[in-house]
Every structure is written in structure tokens, then in C-alpha cells.
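Those protein sequences? They're chains A and B, same order as listed.
Counting along the first sequence from 1, when you hit position 694 you're at 694 in the UniProt record's numbering, and nothing is skipped either side.
Counting along the second sequence from 1, when you hit position 438 you're at 438 in the UniProt record's numbering, and nothing is skipped either side.
Built from N, CA and C at the ideal position, the CB exists for glycine as well.
All figures in this text were calculated on a predicted structure; none of them were measured in a lab.
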Amino acid sequence: MLLPVFTLKLRHKISPRMVAIGRYDGIHPCLAAATQAGKVFIHNPHTRSQHVSASRVFQSPLESDVSLLNINQAVSCLTAGVLNPELGYDALLVGTQTNLLAYDVYNNSDLFYREVADGANAIVLGTLGDISSPLAIIGGNCALQGFDHEGNDLFWTVTGDNVHSLALCDFDGDGKKELLVGSEDFDIRVFKEDEIIAEMTETEIITSLCSMYGSRFGYALSNGTVGVYDKTARYWRIKSKNHAMSIHAFDLNSDGVCELITGWSNGKVDARSDRTGEVIFKDNFSSAVAGVLEGDYRMDGHTQLICCSVDGEIRGYLPGTAEMRGNLMDTSIEQDLVRELSQKKQNLLLELRNYEENAKAELSPLNEADGPRGVIPANTKLHTALSVSLGHETQPAHVELCISTSNDTIIRAVLIFAEGIFLGESHVVHPSIHSLSSSIRIPVTPPKDVPVDLHLKTFVGYRSSTQFHVFELTRQLPRFSMYALTAPHAATEPLSYVNFILAERAQRVVIWLNQNFLLPEDTNIQNAPFQVCFTSLRNGGQLYIKIKLSGEITVNTDDIDLAGDIIQSMASFFAIEDLQVEADFPVYFEELRKVLIKVDEYHSVHQKLSAEMADNSNLIRSLLVRAEDARLMRDMKTMKNRYMELYDLNKDLLNGYKIRCNNHTELLGNLKAVNQAIQRAGRLRGGKPKGAEA
Amino acid sequence: MDLNLNRADYLQVGVTSQKTMKLLPASRHRATQKVVIGDHDGVVMCFGMKKGEAVAVFKTLPGQKIARLELGGVLNTPQEKIFVAAGSEIRGFTKRGKQFLSFETNLTESIKAMHISGSDLFLSASYIYNHYCDCKDQHYYLSGDKINDVICLPVERLPSITPVLACQDRVLRVLQGSDVMYETEVPGPPTVLALHNGNGGNSGEDLLFGTSDGKLGLIQITTSKPIHKWEIRNEKKLGGILCVDSFDIVGDGVKDLLVGRDDGVVQVYSFDNTNEPVLRFDQMLSESVTSIQGGCVGKEGYDEIVVSTYSGWVTGLTTEPMHKESGPGEEVKINQEMQNKISNLRSELEHLQYKVLQEREKYQQSSQSSKAKSAVPSFSVNDKFTLNKDDASYSLILEVQTAIDNVLIQSDVPIDLLDVDKNSAVVSFSSCDSESNDNFLLATYRCQANTTRLELKLDAMIDARKLLKKKKKIRSIEGQYGTLQAYVTPRIQPKTCQVRQYLIKPLSLHQRTHFIDHDRPMNTLTLTGQFSFAEVHSWVVFCLPEVPEKPPAGECVTFYFQNTFLDTQLESTYRKGEGVFKSDNISTISILKDVLSKEATKRKINLNISYEINEVSVKHTLKLIHPKLEYQLLLAKKVQLIDALKELQVHEGNTNFLIPEYRCILEEADHLQEEYKKQPAHLERLYGMITDLFIDKFKFKGTNVKTKVPLLLEILDSYDQNTLIAFFEAA
């Protein structure tokens, strides 16, 4: 059993994910973490602090070895590390929704303080690609920015949505680090400097990423999933009802390979094997885990795994010694193995008995009494069919999944487990007892154009059954299932288009169509040239795909996202490395132009409001002085008036602040639209040049 | 807590019932004992441990499900004859496995509980108790409610035979012959009885009981009256008690109390100088503990606690140290034993797997034929659906012999699922398309591997504020009724699922009591009409929990109930053609009126309903709510302040500048937060009850005051007792 080598209880709360260990004087590792009220505390147990009372740092009144750093804004990310290699010690980086501060704790001075319009939701420190100096890379509202130690903006690019997590990892094995970006649109993107080299779609917001070793990295989602990827292939994942607060790679069993350490919202910490996801160690905190880190906190030359809880409890674990042979938990492995094997044996025996009983039952003919026991004809089969339904008054257009049995048995309920298309991970259809029948139609409306596996569990029996057979099967929902094949109308053809040349036979394109769209069974597409027309079930927009004899393909749609998805889907299906396209989206670009104008407007409003605020603060100063003067003169009436005026002014300021806030959110929204436009334009190209134009 | 016990799994048999495992007496002190166990397949198995391997002494053929297993024999000799109860039959085996008795009792119900003492045999089925001597019928008693356990005080130490029945209506019935000598109320529905110290204590009259809500107690059953000695309340909300035993595991010369619970907790209590129980040890197993006994099985000379679990595991919690302090050679030997065991299991598995594959193929082939049919393998589900008195939520516990794959929860009553810490399954809520399908809740629980037990918490309460938005009339706390269904699918081939139904009763927050306060202002509801006694009883069963399903004997019956949340009361007296319900809570009467008239209409029975409303009762109920509401409001206020105060503390460094009240909050912060966490929706519930009370008061007057509810909620937000009472009177 692995026990903590030290436990500390600090009297400060720790904000989740905002904790880092750095050697701020080059020697002593100190823990820095964001706490309540826009403060960052630095725990330095090694040197009795020399009382410094500068503007930012002050001694914590609660504990002698903790000093507090005033940020005066809610901290949104925090890290520590070497930013300037010449300095020889670590810098502390603190990001908020508007600024990034690089702070030299040792000298108590700012390295730089930069305004970042897109905010800083996540931060990572290190070298990226060929850029020689270490960068502090922050991810904000669709944008990524990297700063060197002087605050120079050496790296800038955009991504699909708000960034929630960042990590540096040698993804393609070239010895240089790539940037992994997890964003709100459920995608993990890999940037080789500013070029996207890979994209993985997950099922929820990616809240944490961490590099394990080589091209392997761990990830955590907001729905309680954690897992490990090796390049673009997922090794394993597990889902818990709790949320993973922090993940970290650390070799806890001393086998030379890092395990994935996860800190959970219920206070659990577990270490899982990078290969199988098997738990090799676990421990519990009394409150949620805020961060998992490593560092030589005892300064004895051994690196410890350090876990912090939101209540300020900190525990350090040394990796297990060789004698423990990787056995870190207190139950013996053999006992567990015996239990597991016995359980398996019991299951097999049960299964055998089931078959025996079944064989007995088989002999007697089907009768009344069999209903409740759930006896059904052995040749009962389940049919499933997917089709596109155009909907009617009471129900919007949807994809229809039809499930039916081959005889008079009824379907009691259907459970569909699928990721990303339902509210939770499952959807249940449970008809009332009066409307049970042998077939069920289930409307499905996937919100995004991604292929989804539908894992169906269908309970089949009779009306009076208390036991049901469970038929399990999996159907795949094609990527573009939300588009119905319709008759083409020249008048409705969208103006926007993408044009490219594909050196593939038309037959292959038809195969691609069949795999990615729900085409009616009788659809028969002849040889090139041909054209197909689809209508989106979501907004009724048209999509035309035309193929000429020359292999030239034109995709007409006003939806730039859809065009991008089609290009990407074709590019991966035909394994195209490099696809040159010609695109024109007049409607979209018109909108974009409007957005840009709006951005300008909001900027000027912002400046005007800021100026007003500055004026008001001058006024406050003078009012205050005058009010105090009146007080000293014992002219209570004037004083009262002045303070009334001050009160009014304060109210004005508050109102002004609200306007500024609204203005800011609008501005952010529009900036996001601009950033996304750049990203979307990038997706219109296939293969390598993707994202290069950004 | 210096007791250190190590777990060792011995063997797995089929699913077991409560009290079906015993240790045969040892030949000499601290020698290894044999274990006898009976399971649901009807197999009785006796085995001993040899070098870490279970060696069977005998094993019977499968038969009817075994409900109880007891040891007996001639008094004052070793009790080593094995008796099992299966169906309505009692069978006896010698310790070698020879059957010497087969006694068909001809009881109409199957036997649920059994006690053996010399040649006396005490049996109980659901409602019937029978006493046999030398297999001859002696005495008989029909109980008013279900009998959970039966025991007899030691006949060799007392002058008369005194059987005691543990009945579901929270009562122990002490019998003499065929008659009840007296009844004594216990704090919960008793599930298990045992003699204190195994022999009835010093007096021979000391009886231990355990309840389904996890309480334990000791009562001395004297010939004239019961004397309550001690009681352990269930503060930690552990599971119900299934089995107890007395055994000196601590080794201090005094027998300790061993307890097994239905949530897998095993506890050891030892007794201090004043004979009060003190918790010495507890351990969590993953499934219900059905039987427990102290003895020595695994290794000679080491005492242990032997338990059997629901899925049939026999496990020892032994004082034998896990890793020997002796030389390294010893350890290798232990490992060798383990290795052998593992390789044996593996080869067994391979063999089985091959067989299963063959059978599976056969099964697949049969599906081609049009005549064949496919039966669903039945598996047993152990379930418990109880109301949690403290926060008025339901808890549903499902336990299956093999790992659960998923559970679908469906309800036709608006109900919320609450989070349970112990439960690691991933829950997912599905949208309930339309109310026409009678679905108010659809949720799936996808279980992690090896989950055999799932605990769910359900909340049938609706926020009073949400209530206003719904068009349909829904009551917030009590009054809603319907069915909750759980579809349980285990991880076993061929895949099947079993559905279980649970009723949510309209007056679910009531519990049976045996005394009420007759001085309270009461409202009365009287029913008259052409209905039979059985019919009116079935309505009461439909509305209220803890009422026996069988109509009680006699022409007229009276039941008393208490509302566990508000302490209001209900008295129901009914006979053929008439039913009278009295309560000091006007809402209770209103719910009864609605439900009863609906039920009667369904059966086309013409009912005359008349009621008598006592205006004073409303004020009385509000006064009952007042202290609870005040406490909750204060708590909520304090908890709200904690974070802000803590921040001030961090900023200022000390708390000297704060007023004492705030300093006090800071000092008690942890305690307050814990208290608050325990009852998250308590305040909303109280608000809901007051809203119901308000609407019901005026409903009886024939006025609809729903439009005034927002005003009421406003008053509640800045609560003052007098303003509220004034509002109730003025509106």
C-alpha cells in the first residue's frame, strides 16, 4: 500500500486546475495556486520568508509560510516554469479573462503584463516547434497566442471554438513539440506551429490534456470521461459519473512508463495504466481534487506526485519501490484474481443452466403461462431500418429509426446508447402499456454532422411479461444523415460553391455518397456526369453535388461548415494528401463583413466608455475631497449633498459598467465569429494546406 | 479499534437467503469447524478448509429454494444436526449428510423463518406461526402483519416456552401457547432476532433485535413486561440488519456482537463495563451479508468471522495475519497454495468455456427452427424500496447475483433521481417525449464492471415554484401516486432483463404508530356506501404504507399513522360500509378525499363522502411546522454567509472585528455545511407543505386560491409566523 510521504493542510482554498509548482528562486520548489477573491497564494515551506510588503505580494495573515499575490481579477489559468532560460529560475504566469501576467516572484516584479482580448482559459509553457525561445501559450476565445519572456507575441492562430485545455506533446515523433488544443466544440486539434496536422472529435468539451510520453497523451472530458490517445488512435477510455478535475502523467509504480493520474471531483485520485486503463492505485480526499502535479517538494532528490484538494489539503506520494512489484493497493492481487475467476465460473455456470432450462422449455409447446416468463419463439428476429423523414406539422424533419420484430412479440422498450446526439449518453423509448406493438419508430436528430454508432438494446417479450429478451445490436448513423435527397430545382440552387478536381472514378464517388448519406433504397445513380440535390433537415438549406466528366466536382451550399465537412470527409475517404479548391461564399462573406464592421463599432464604443469612466473617476476624487473638506468644516449639509452626489455617480458608474460588460460580451461574440470564419475557410481545403492560410 | 481482520474468500455457492449458513460445532477448542450452507437452488453443502482449499463433506441434490438453515440436537449436547426449511418442508441432515428427517408441514404458505430447540420446532410463514413438538402440531397463531423472524427464549433456562415473533408492523409479539402474552413496539420493522450472548444473557430473557432500517437493540422479555436495555440508532444511514451473532472475536473473555447488514457492512460491537455496546470494527463487503457467525474455519487456532453474502460467497474475516512474520519460505508456501487454486480455477474455466460455446451454438441453431421457443433465463433480483424518513426521499436498492450491465428506471409519477455517493454507475437522463406515454422519468444507469449492487435515491417532491408552471394539478409532497419500474439487465448470456415495479403511495410520508395524541384539533372525512370490508381495506392499503395486505380479522379495524415529516397524525377506522379518517392536517384529508373518490369511481362504487373541517387545525399545523422552518431558514442563512466570512478572514487575518454571531458561524462552518448538505431540499419541502395546506384549506371552502400562491411564496421568503397565520386567515 502506497502511503503519502507528506500531508499538508493549508488554510487557503485552491481553485480547480489553477495550481503549479515552480522554483521561483531557482532552488526551492514552491506551490502557487489561485485562491478566492482574485488572489494567488505561494506556499514556500523552505525559507522563512523575509517580510516583503510590496504592492502585489503580502504575507498571508493565516499562515507564516504562505504569501499572497493580489491579481484583483478572477484568475482563469495559472502555470509556472522557465520562460527566460537566461534567468535561471521559474516565472509564474497568471491569466485572467482580459490579461496575462508573467511574474518574477523572486524579485517581486512583473516580467510583462499584456492585455489579451480573447481571454486566457488555458495556459501551457514550453517550446513549440521550431520557435527557439520558450513560449507561454494561452488559449482563449477561439484564439491561441504565444508570448516569449519579453511579452512579444511570437505565435498566433485560431481554432474552432473556445479553448478549454492545452498541452505540448511530440505528436508526430519529430523531436519537436506540437500543441494539442481541446476546445468547446468537442475537438482535439494538433497544431504544428500554426498548421493543423490532426483533428480528433470527442463527445464532450475537452477539459484537460496532458502529454504522457512520445506521441501518447491523456485527455479528460466534462462528462467524466478520461482516456489515452496514441496519435489519432484512442487506446482506452473510461467514464465515471464524477468529473475529472485534473490529469497528470507520472510513473508511480517505477516501471519506467508514466501512468495517467486523475484527480476527481469527488476527491478520488487514481492512477491508471497507460496501456489498459486498469487502476493500479487510488486514494481519497475529503473534498474535490484541485490539481495533480509533480515536484521535489521535500528537496531530497526524489520527485513526488503531489495532489491538492480544493480545501487546501496537499499530499505527496513517492513512487513505489521495486520491492512492491507494482502492487500499490492493499488488497492482494491473488485474492482479487481468485474472486474474478470464481465470478467468471459462476457466470458460465449460470449461462449453462440457462441453456439447459431453455432446452427443457423448448420441448413444451408455447402456451399462455409463458407470457409473463418472457418465453418467445426462438426464431424471433429484430429488423432495424434507418430512413429520412421529412416530418409534418407536429414533428420537425428527422432521421427515423424503425425497429420491428418478425412476429407477434412486442417491444417493451428501446435503449439507445450513442455519444453526442442525445442529452445524456442514452435515449429511452418506453411506450405506455396501452400502445405496445411489435414495431417502434424513433426520431433521431443528430445535432452535428458526425458519424455515430447507435448501440441498441431492445426489450422484446409479450404484453404481460415481467422478463424480456434483450436484443443488442449496433447501427451506424452516416455522417450526413440529416440531408434528404430531393429533386433538384435550378431556382433554389445556392450561389455559394466549392470547386475542385478529383482524380477518381464516378463510381467511387457514388460509394462515398452511399456511405455518408441516407439514400432511399431505389436510388440509382448513373455514371458521370450527374448531380444530386439534398435538403437539410435542420434548416431546409440546399446542397448540390455535381460531377462533370472531367472529374470536376462542384459542391453548392450556403453553409460553409457543411462544405468544409464534405471536403474533409471526401479527402479522408479518397485519402487525398493535397486538395486545391476554389470557393466562393458571397452570402457568408457579406455576413462576415457586417461582423467586422460591428467589431469596429464595439471597439469605438469600448474606447468611449473607457474615457467616460476615466472622467468619472476624476470627478469622484474631487467630490470625495470636497465632501471631506465639508466634514472638516463641520458643514454637514454640504457634506451630505456631496455624498449624495457621490452615491449617484456611483450608481452611474455601475450602470456604465453593465453597459461595458454587455458591450464586451457582444464584442467577444463577434470576435469569435471572425476567428471561426478563418478556421472554416481553412477547412475548405483538403490535406496538408489545411489551416496554412490562417 | 485495534481489531485487525483480514479477508479470505472460501467458496461461492448459489444465491442465499437470510440466516442460511452455520458453522458446525468444533470437536475441540479452536479446532477448525465445518461450514454448512443452503442456497436458492436447494443445495445444502457442508465443507471444510484444507490448505486453503474448500473440501466438500457432502452436497445434496438441488431442490426447492432454502429459506432458513438451523442447527439442532438433543438439549445440552452439541447442536450438530442440520435442519433446513424449503417450501413447506423441513428436512434434517446429520453432519455427515445423511437425511434423517423429512417433515411436510402442509402449511399453505412457504416457510419464512424457523427456530429449533431440542424437539421443539417453531415455524413461521408470511402470517402464520406454528409450533411443533416432535413433529406434532402444538400451537398456532395468525399474525396481523408479516412475520419476519421467530425465536424462542431458551427452554432449558426458563420455566415456560416463550416464543417471540418479529412482525413487520414494528412490533415484537411475545406468545404463550397460541395467544399473545404482550406486544412491544420497536423503533423499526424488526428483521432478525437472536438470543443475547447466544443463550439469552444472564437472565436467559435477553433478546437482540435488528431492524430493516438499520437499528439494533436489546430487550429483556420478562414474563410480565418488556424492559428495553439499549438501542443503537443508525446515525450513519447504514443498511438494514440481516443477521447477528455473539462471539468473542476481540479475545477479552466477553462475547462481542457481530452484525451483518444488507449494504455489505460487517460490524463488531464489544461491551464496556456498563454493558453498553461500543463499535470496534467495521468492514464493507460489496453485497448483502445474509448470515454471520464467529468461529474458526480457515486455520486452526485463529478465530474469525464467517459471513455468507447474497450471491453465495462464503468469506472469512480472520485474525490470522496476512503476511507471516516467520521466514521467507513460509510465504512462498502460501503463494504456492494460492497459485494452485488459481491454476485449478483456470483449467475449470477453460473446460466450462468449451462447454458453454457448444451450448451457445446449439442455442443459435435452435433459433432457426420455427417451432422452437426461447425461454428467458431467470435470475434473482434482491430489491428493497424504502422511504427515507429524514429527507422524505425513496431509496431503491437492487442486487443481482451477477454483475449488472444496465438498469432502466421509468416512472409515471414526476420524480427526481438524486446522486448517491456509493453508486458509481453512469446515469443518463432521457427526454420524456410526451406525457401521453405516461413517462415522467426515463433514466439509464450504465454500471461499471463488477457492480452487483446498485443503490438509487429518488425524490418524489416537486418544488412548489415549479408546481405553478404546470397546468396539471400536481401536489408537491404527498398525494402523487403511481408506479416506478426498474428494468434490470445483468451481464449474462443470453441477455435478458427483468422488470420490477414499486408503488409510490399517495400518503407515502406516513408510518404506522401505535399511539396518537387525541387532544389535537382534528378534521374528519367520513365515507359511507355499499362497499365491503375487504374493499375499504384495499383502499387503505393503496393509500398508506405499512398496512398488511390481508384484511385483518374482525369487523372493524383502527390504524394510527404519523406523518414522519411534520408529525401530524392520521386515525383511520373502518368497517363494512363505513370509513372514518381523522387527521389534524387538512392536506392529508384532502389527499384521501381525492384518491378515494377516484378509486371508488374506477370500481363504480357509489360513495358518500362527507367531511368536517376544523379551522383551528390549520393554525395548529402551521405551529407544528414553525420550529422546523425557523431552524432551516437560520441554517440556510448561516451557510450562505460562510464563504463571504471566510474571504474576509483571509483578507484581514483575524476575526476579532466580527460580531460574535459571525465568529460563531466561522467556528461552526464545517458542521453547518455538513448539516446543510444532509438535507438540501428541506426548506423547499416545508414550503411545499405550506402551499399544499393553503390550497387545501380553501379547496374545502370551494374557492380556488391558486392565483394567491405567488403572494404566499413571497411571504415565505421573508418568513414570520404571525404574518403567515394572518395571511392564511385573511385570504
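- Taken through DSSP and simplified to helix, strand or coil, Gly188 of chain B comes out as coil.
- Chain B places no beta carbon closer than 9 Å to that of Lys448 of chain A, leaving this residue out of the contacts.
- Straight-line spacing of the CA atoms in Val190 of chain A and Glu199 of chain A works out to 6 Å.
- Distances from the alpha-carbon of Gln176 of chain B to those of B:Ser160, B:Val186, B:Val557 and B:Glu276 put B:Ser160 closest.
- Note that the segment 157-176 of chain A does not touch the segment 96-112 of chain A; fewer than 3 beta-carbon pairs, one per stretch, sit closer than 8 Å.
- For Arg660 of chain A, the enclosing alpha helix (DSSP H) has its first and last residue at Met636 to Arg683.
- Secondary structure of Pro660 of chain B (DSSP, three-state): helix.
- In the structure shown, Gln493 of chain B falls within a coil segment according to DSSP collapsed to helix, strand and coil.
- When CB distances to chain A are screened at a threshold of 7 Å, the residues of the segment 476-495 of chain B falling below it are Tyr487, Thr489, Ile492, Gln493, Pro494 and Lys495, in chain order.
- By the criterion of a C-beta distance shorter than 6 Å, Gln501 of chain B is surrounded in its chain by Thr483 and Gln485, once the five residues flanking it on both sides are discounted.
- From the listed residues B:Arg91, B:Ala86 and B:Asn130, the smallest Cα separation to Ser110 of chain B is found for B:Ala86.
- Between Thr20 of chain B and Ser291 of chain B, the CB-CB gap stays under 9 Å.
- Between Val265 of chain B and Gly239 of chain B the beta-carbon gap is near 6 Å, inside 8 Å, which marks them as a contact.
- Under the Cβ criterion (8 Å, minimum of three pairs), the segment 490-503 of chain A does not count as touching the segment 449-457 of chain A.
- Chain-order list of chain A residues neighbouring Tyr363 of chain B: Tyr355 and Asn358, by C-beta distance under 7 Å.
- Per DSSP, Gln368 of chain B lies in no alpha helix (DSSP H) segment and is marked neither H nor E.
- Contact with chain A is absent for Val297 of chain B, since none of that chain's Cβ atoms lies less than 9 Å from the residue's Cβ.
- At the C-beta level, Leu23 of chain B and Gln293 of chain B come within 9 Å of one another.
- Between the C-alpha atoms of Leu216 of chain B and Thr568 of chain B there is a straight-line separation of about 27 Å.
- As the crow flies, the alpha-carbon of Gln607 of chain A is around 36 Å from that of Lys192 of chain A.
- Against chain B, a Cβ distance below 7 Å from Ile376 of chain A picks out Lys373 and Ser374.
- Judged by DSSP in its simplified three-state form, Leu716 of chain B adopts helix.
- Against Ser426 of chain A, the close residues of chain B are Ser428, Ser430, Thr444 and Arg446, in the order they occur along the chain (beta-carbon pairs closer than 8 Å).
- Counting C-beta atoms within 10 angstroms of its own C-beta, Trp539 of chain B has 16 or more neighbours from the protein chains shown and is therefore classed as buried.
- Under the 8 Å Cβ criterion, the segment 468-484 of chain A does not count as touching the segment 430-437 of chain A, having fewer than three qualifying pairs.
- Under the Cβ distance rule, Ile433 of chain A counts among the residues neighbouring chain B, one pair being separated by less than 9 Å.
- For Gln569 of chain B, the uninterrupted beta strand (DSSP E) run begins and ends at Gln569 to Arg575, by DSSP.
- When the beta-carbon positions are compared, Pro520 of chain A and Ser387 of chain A come within less than 9 Å of each other.
- Secondary structure note for Gly139 of chain A: its beta strand (DSSP E) is the uninterrupted segment Leu135 to Gly139.
- In the three-state reduction of the DSSP assignment, Val705 of chain B falls in the coil class, being assigned neither a helical nor a strand state.
- Checking the DSSP bridge columns, you'll see Phe471 of chain A partnered with A:Thr458.
- Chain-order list of chain A residues neighbouring Lys677 of chain B: empty, with the shortest C-beta distance near 12 Å, by a criterion of under 7 Å.
- Under DSSP, the beta-bridge partners assigned to Met284 of chain B are B:Val265.
- Contact annotation: Val82 of chain A and Tyr317 of chain A have beta-carbon atoms that are not nearer than 9 Å.
- Leu712 of chain B and Phe727 of chain B have their alpha carbons spaced roughly 8 Å apart.
- Contact between Asn675 of chain A and Cys30 of chain A does not hold, since their C-beta atoms are separated by about 36 Å, which reaches or exceeds 8 Å.
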